[in-house]
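Worksheet for the structure shown next.
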Amino acid sequence: MSSDLTAYLRSNRERFEQEFVDFLRIPSVSTEKRYAEDVARCAEWLAEIVREAGMDNVEIIPTEGNPFVVAEKMVDPAAPTVLVYGHYDVQPVDPEELWDAPPFEPTYKNGRIYARGTNDDKGQVLMHVQALEARIKGGFGMPVNVKLCFEGEEEIGSINLETFLRSAADRLACDAVIVSDTGMLGIDIPSIGTGLRGIAYLEVFVDGPAGDLHSGSYGGAVVNPAFALAQIISKLKDEDGRVTVPGFYDRVRPISETIRAETRALPFTDEEFIEETGAPALDGEAGYSTLERLWYRPALDVNGMISGFTGDGAKTVLPAKASAKISMRLVADQDPDEIAQLFTKYVESLAPEGVTVRVVPAHGGWPWSGDPDSPLFEAAAQALEDSFGRRPVYIGEGGSIPIIPLFEEVLKGPVLLLGFAPPGGNAHAPNEWMDVETYHKGIETIARLYDEVAARGI
Ligand SMILES: [Zn+2]
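Remember, the numbering used here sits 1172 above the position in the sequence shown when you count from 1.
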């Protein structure tokens, strides 16, 4: 990237921040109906700034819910095409009394901007738009084709995203998808996302006698469903912390050497993690570090157990039923439906005589994994290093973002998770903030990224 482009970014810093502040002032809360007009206004504001950045075919596309804002800059059919995804809707602000300043009146403090949406996700959306503006309006040119796809329903579960992606698959056709809606490991530690766990969530119901029985009159002679449930649960993992559901690990991708080395090098200690959790000790699958267990290995957890008498004092009851909510966090390439079936079959086979066992699936989501040895990751790593002055780290995420695997499935290109949210940035909480320097470095990174992608291909 030429020093001229850096100079352009520097000379436009104040205006970029002013635009960011204007964006943040629009209360585009998608979860509450009373903000519907603001959400629509926000889409219009965004479309306008995308147009001003020099993008073509800017359009607000209505859905049954909130609209998408799409645009493109096609410079060369032979060059790679990158699609950028982000969202302009935000979380509600309550409890509002816990905010130090009004959530839609952006406030500067200690090198940060505080407001709802600063890091999730308006800041990250606008970084992309302003990076594009710098290249197009600054006269530096686009070495790749870029498409933008911003939605207004991410915070309510991306209700219309799948339908939209499938119906607009030609229009959105691309070689790779860049998603900027994740976080950094440290305020000055640029980070690239390498994996997201999927989920299979089920409920196990154990039924015994027709009604609760007196434990004196019947205890010892009738199978107790709570005990039967405990027996089943105790057989779901072995002594090495491995899940015993037959076939559970069949599709699990081994952790690559690159990822293992990157993960080992991260500033992370079990001692600090113990402190963070307040747990007396850590546990998990033998042969893996804590971060590997959290990010790159599947897990099975009991989320809740319900049975019998749970009030104060003693009631001598033999409960009629017991149930447990159980979730499994999945990693690539585990299929949530297949895992749910394997789990159901296994749990039914564990049912002791004298009770009936039913397994009811609740919901599922696919895992996702990126390839750190791919040209796309290398391009991002280089752009981040040149902008932040240090090599990025590769980080996983134990939770799920179901839309990421959806992008890969529908658009057939790899996803890059290029996130700039600060750790402890209070996304979804009061006093959400974005680091101002990171904001500008993010714009610079994205402006550089296009050259790196063009040089390497996808
Ligand atoms: Zn978000």
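Positions of the beta carbon are idealized from the N, C-alpha and C atoms, including for glycine. Being a predicted model, the structure only gives us computed values, none of them experimental.
Apart from the five residues on each side of it in sequence, which residues of its chain come closer than 7 Å, Cβ to Cβ, to residue i?
i     : result
P1524 : V1395, A1400 and Q1403
N1475 : K1497, I1498 and S1499
R1223 : V1230
L1344 : L1255, K1319, C1321, L1337 and L1583
W1387 : Reading the sequence as shown, one finds Ser at residue 1387 and not Trp. Once the five neighbours on either side are set aside, the close Cβ partners of S1387 are T1488, V1489 and L1490.
V1678 : Nothing can be reported for residue 1678: it is not among the residues displayed for the chain, which extend from 1173 to 1630.
L1416 : The identity of residue 1416 in the sequence shown is Thr, whereas the question assumes Leu. Correct list, in chain order: K1407, L1408, K1409 and D1410.
E1236 : N1332
D1545 : T1430
I1232 : A1215, E1216, A1219, P1239 and V1241
G1391 : L1490
P1264 : V1201, T1203 and E1204
N1598 : E1604 and W1605
W1538 : G1370, P1508, P1574 and P1577
Y1468 : G1367, I1427, I1431, V1503 and G1568
Using DSSP bridges, identify the partner residues of residue i.
i     : result
G1459 : Partner(s): none; G1459 has no beta bridge.
G1521 : A small fix is needed here, since residue 1521 is Ser in this sequence, not Gly. For S1521, which the question treats as bridged, DSSP gives no partner whatsoever.
K1407 : For K1407, which the question treats as bridged, DSSP gives no partner whatsoever.
L1472 : M1500
Y1286 : T1279 and W1605
V1318 : K1245 and V1254
Y1622 : DSSP, once it has assigned bridges, lists no residue as partnering Y1622.
E1375 : K1497 and V1532
M1477 : A1496
H1612 : Its beta-bridge partners do not exist; DSSP assigns none.
P1593 : According to the sequence shown, residue 1593 is Ala rather than Pro. G1355, per the DSSP bridge assignment.
S1541 : G1367
F1240 : I1233
Mind checking which residues open and close the alpha helix (DSSP H) that includes residue i?
i     : result
A1553 : P1547 to F1560
W1217 : A1208 to E1224
G1324 : Counting along the chain, G1324 falls outside any alpha helix (DSSP H), and DSSP gives it neither H nor E.
Y1566 : Element bounds for Y1566: not the alpha helix (DSSP H) but the beta strand (DSSP E), V1565 to E1569.
V1582 : I1575 to L1583
T1335 : L1333 to S1339
A1306 : G1295 to K1309
D1261 : From DSSP, D1261 is part of no alpha helix (DSSP H); its letter is neither H nor E.
D1442 : D1442 to T1449
Y1390 : S1387 to Y1390
Apart from the five residues on each side of it in sequence, which residues of its chain come closer than 8 Å, Cβ to Cβ, to residue i?
i     : result
G1310 : D1176, L1177 and Y1180
R1465 : G1456, E1457 and A1471
A1626 : A1251, P1252, P1315 and V1316
E1557 : P1362, R1563 and P1564
G1383 : A1492
P1586 : A1348, V1349, G1542, D1543, S1546, L1548, E1580 and I1630
Excluding sequence positions up to five away, which residues of its chain have a Cβ less than 6 Å from the Cβ of residue i?
i     : result
L1304 : A1225
F1188 : Q1302
I1328 : S1202 and T1203
G1542 : T1366
R1197 : F1276
Y1373 : S1499, A1534 and H1535
Residue range of the beta strand (DSSP E) that residue i falls in?
i     : result
G1365 : S1363 to L1368
E1231 : D1228 to I1233
L1357 : It is not in any beta strand (DSSP E) - L1357 carries neither H nor E in the DSSP assignment.
L1196 : Looking at the DSSP string, L1196 is not in any beta strand (DSSP E); the run it does join, the alpha helix (DSSP H), is R1185 to R1197.
V1351 : A1348 to V1351
L1588 : V1587 to L1590
Compare the C-beta of residue i against all C-beta atoms of chain D and say whether one is closer than 7 Å.
i     : result
P1239 : This model lacks chain D altogether, as it is built from one protein chain only.
(request) Please write down, chain order preserved, every residue whose beta carbon lies under 6 Å from a heavy atom of ligand 1. (result) My final list is H1259, D1292, D1293, E1326 and D1353.
(request) Assess, as a yes-or-no matter, whether the segment 1274 to 1289 is touched by the segment 1603 to 1615 under the definition of 3 or more beta carbon pairs within less than 8 Å. (result) With a cut-off of 8 Å, the segment 1274 to 1289 and the segment 1603 to 1615 count as touching, because enough Cβ pairs lie within range.
(request) May I ask you to verify whether the segment 1479 to 1495 touches the segment 1451 to 1464, counting CB pairs closer than 8 Å and requiring at least 3? (result) Taking 8 Å as the limit for Cβ pairs, the verdict is that the segment 1451 to 1464 does not touch the segment 1479 to 1495.
(request) Taking 8 Å as the threshold, find out whether the segment 1242 to 1262 comes into contact with the segment 1361 to 1378 through three or more Cβ pairs. (result) No, the segment 1242 to 1262 is not in contact with the segment 1361 to 1378.
(message) If contact is defined by three or more beta carbon pairs under 8 Å, each pair taking one atom from either stretch, is the segment 1345 to 1364 in contact with the segment 1541 to 1553?
(response) Result yes; three or more Cβ-Cβ pairs closer than 8 Å.
(message) Tell me whether the segment 1499 to 1510 and the segment 1434 to 1451 touch, counting them as touching only if at least three CB pairs, one residue from each stretch, are closer than 8 Å.
(response) No, they do not touch.
(request) Inspect the CB distances between the segment 1293 to 1300 and the segment 1258 to 1266 and report whether three or more fall short of 8 Å. (result) Touching, yes.
(request) Check whether the segment 1235 to 1247 touches the segment 1205 to 1219, taking contact to mean three or more Cβ pairs, one atom from each stretch, closer than 8 Å. (result) Yes, they touch.
(message) Counting beta carbon pairs with one atom in the segment 1561 to 1571 and one in the segment 1368 to 1379, are three or more of them shorter than 8 Å?
(response) In the pairwise beta carbon analysis, the segment 1368 to 1379 is classified as touching the segment 1561 to 1571: at least three pairs are separated by under 8 Å.
(message) Quick check: the segment 1528 to 1537 against the segment 1428 to 1436, are at least 3 beta-carbon pairs closer than 8 Å?
(response) Judged by Cβ distances under 8 Å, the segment 1428 to 1436 makes no contact with the segment 1528 to 1537, as fewer than three pairs qualify.
(message) Assess contact between the segment 1375 to 1387 and the segment 1573 to 1580, defined as three or more Cβ pairs (one per stretch) separated by less than 8 Å. Is contact present?
(response) Because the criterion of three Cβ pairs below 8 Å is not met, the segment 1375 to 1387 and the segment 1573 to 1580 do not touch.
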